[in-house]
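In the UniProt record's numbering, the protein residues as written are 1 to 589.
From the three backbone atoms N, C-alpha and C, an ideal C-beta is built for every residue, glycine too.
Just so you know, these numbers come straight off a predicted model, no measurement behind them.
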C-alpha cells in the first residue's frame, strides 16, 4: 500500500477505539451473565442449545439477521454495487420467497418433529449414515468459513488503525469464544441482538452522512443513473451470465433457502421459541430486517460510486483492492465526526462476531447430538453441557489457527465460498428429497449426494480458469492529485481464453446450489427405482403439501407392522414412536 493509501485510512482516534472496545466488553458481559450470574445456568443441553425453548421472536429474528450478515457482506456488497451496478436490489424478492418457503415447507416439518439437530431428520427419513455424513460436511464447511469472517473485518480494522492484524484476530476471537462457550445459545442470541444494533447503526450513519456529503439523494441517483449503475432490468434468461434478474430471483432464492431452511444454525434457533406461531413471527421480522439492511447496503454502494465516479480509487492508487473502498469512504466522509468510524468498524466486527458465535454454537451442538450422544446416551445433562463447551473451545481454537493460514493463501476466500457452494447443494438436496419425494430411498440420496459434490467440484474448479469479470466503466478524469496512470481494461487474450473454456464452467455462481440439488434428484430417482423404493415412513417427514389426507392412520399402521422388537433398542425408536403418538393439540401448537 502506498503513502496516499496509508494517509487516507489511518484516522482512528481514541474515541473510535473506545466505541469498539465497549462493544466487545458488552458482548463478553452478556456471556458472563448467562454463564455465571443468571439463575438458569447453561448446565443442560436444552438450556445450552435451545434456551429452554423460551426465547422470544425478536432475539431469534435478530440473531438470524446478524448471523447471516457477515463482515464480508458489509464490505463486499458496496464494492459489488460500485463495480457492477445495483441489480442486487432484487435480493429483496429472494428474501420474500425464502420466507414463504420457510413458513410453509420447512418450519412445519422441523417444528412438528421437535428434533434438536436438523440432521436427525435425515436419520428418521433415511438412515444414520446419511445423518452422519451430512453433519460432518456441515461441520467442516462451518469450520472453514469461520476464519474468513474473522479475517476480513480484522483486515479492515488493521487498515484504519495500524494495529497488528494478528493481535486483532486473536483478541476478538478470544472474546467471541468466551461468551459462546459459557453463555450458550442465550448469550449468542442476545449478543447477536446487540451486534445487529451496532451493524445497523454503523451502516445507516454511513449512508446518511454519505448522502449529505454528496448533496442529497437525488444527486446520488443522478450520478449513478448517468453512469449505468441503476440498470436494474437485465432480463437475460441465460444461466451463464454473471448476474441478472433471473439469477437473483431463482438462483439466490434457492441459495438462501438452503442456508435458512435446512441449516442447523437456523433450525436450532427456530426450535428455541415456545411454539410455531412465534417461530413464524420471527421469520416475518427476519425477512423485513434482512431486506432493509440489504437496501441500505445497496444505497451505500451507490453513494460510494457517486463520490468516486470521476476518480476511481483503484486506478488512482488510493487503495489496492476494491474491498477496501468502504473503509476508505468512511475515513474520508466520516472521520471528522468523533466516534463514527469506531461505530462503523464496530458494526463490521459485530457482523463477524455474530457469524462466528453462531457457527461455534451450532457446530458444537451438531457434533454432540450426531456423534457423541448416540455413542454415550446415558451422560448426565451437566456432563453433556460441559462436553459442548469443550467442543466450542476446541473449534474456536482451530478456527483461530486457520485465520493465520488465510493470510498467506491469496485465493482462500474464493476456495472457502466455493466449498460452501458445492456442499450446500448436496445438503439441500438431501433434505428436499426427503420432504418432497415418497419414493427416493437411502441408496438413491447417497449416490445423488456424491454425484452432486463431484459434478459441482468439477464445474467450480473449471470456473477458476475464467478471467475476472469486467466491471462497468470507470475513470479518473476528476482526480486532483498525481499518480502513476494505469488503465484497467479487458485483455484480448482473456477474451480468447474465455471463448475456449467449455460453457458449463461459465455457469453463474448463483446457480451452484440449485444445480447441486437438481443433480441429486436426477441421480437419486432412477437409482431408487432400480434398488427398490424406500421403506414406509411417517408422512410428517414430508412437506405439508406432499402429505396424503389420511397420512396419520396410514403411517401408524405401516410403521407398527414393520417395527420389530429389535427396532425398539434403537435410540431413534423413541422419537419415531413419539411422532406416531403425537396428539392433535401438540401438532396445533
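Take residue i and list the residues in its own chain whose beta-carbon comes closer than 7 Å to its own, dropping the five residues that flank it on each side.
i, result
"residue 125", "434, 537 and 541"
"residue 156", "75, 327, 345 and 348"
"residue 471", "83 and 84"
"residue 28", "175, 178 and 179"
"residue 168", "154, 157 and 158"
"residue 402", "147"
"residue 547", "539"
The alpha helix (DSSP H) with residue i in it runs from where to where?
i, result
"residue 379", "Counting along the chain, residue 379 falls outside any alpha helix (DSSP H), and DSSP gives it neither H nor E."
"residue 104", "Counting along the chain, residue 104 falls outside any alpha helix (DSSP H), and DSSP gives it neither H nor E."
"residue 121", "120 to 125"
"residue 258", "253 to 261"
"residue 241", "That residue, residue 241, is in no alpha helix (DSSP H); it is neither H nor E in DSSP."
"residue 516", "512 to 531"
"residue 266", "264 to 270"
"residue 478", "Run containing residue 478: none; DSSP gives neither H nor E here."
"residue 286", "276 to 308"
"residue 163", "Looking at the DSSP string, residue 163 is not in any alpha helix (DSSP H), and its letter there is neither H nor E."
"residue 449", "442 to 463"
Buried or exposed: residue i, going by 16 or more other Cβ atoms within 10 Å of its Cβ?
i, result
"residue 336", "exposed"
"residue 14", "exposed"
"residue 359", "buried"
"residue 500", "exposed"
"residue 259", "buried"
"residue 644", "The chain is shown from 1 up to 589; residue 644 falls before or after that span and cannot be answered."
"residue 219", "exposed"
"residue 240", "exposed"
"residue 215", "exposed"
"residue 108", "buried"
"residue 200", "buried"
"residue 59", "buried"
"residue 369", "buried"
"residue 225", "exposed"
"residue 458", "exposed"
"residue 129", "exposed"
"residue 446", "buried"
"residue 529", "exposed"
"residue 365", "buried"
"residue 141", "buried"
"residue 490", "Note that residue 490 scores 40 on pLDDT, short of 50, meaning its location in the model is unreliable; the coordinates nonetheless yield the value given after this. Exposed, because fewer than 16 other Cβ atoms sit within 10 Å of the Cβ of residue 490."
"residue 235", "exposed"
"residue 307", "buried"
"residue 152", "buried"
"residue 134", "buried"
"residue 532", "exposed"
Identify, in the order they occur along the chain, each residue of the same chain with its Cβ nearer than 8 Å to the Cβ of residue i, setting aside the five sequence neighbours on each side.
i, result
"residue 221", "230 and 302"
"residue 398", "143"
"residue 20", "157, 342, 345, 346 and 349"
Within its chain, find whatever has a CB closer than 6 Å to the CB of residue i; leave out the 5 residues flanking it on each side and keep chain order.
i, result
"residue 474", "312"
"residue 209", "333 and 334"
"residue 23", "198 and 346"
"residue 79", "322, 323 and 325"
"residue 462", "505"
"residue 565", "Reliability of the predicted coordinates at residue 565 is poor, the pLDDT of 42 falling under 50, and the value obtained from them is presented with this limitation in mind. Taken in chain order, the list of residues that qualify is empty."
"residue 590", "The structure shown has nothing for residue 590, since the chain only spans 1 to 589."
"residue 233", "none"
"residue 281", "57"
"residue 424", "258 and 513"
Every unbroken alpha helix (DSSP H) inside the stretch 310 to 371 [4 residues or more]: 325 to 334 and 340 to 367
4-residue-minimum alpha helix (DSSP H) runs that sit fully inside the stretch 192 to 221, ordered along the chain: none
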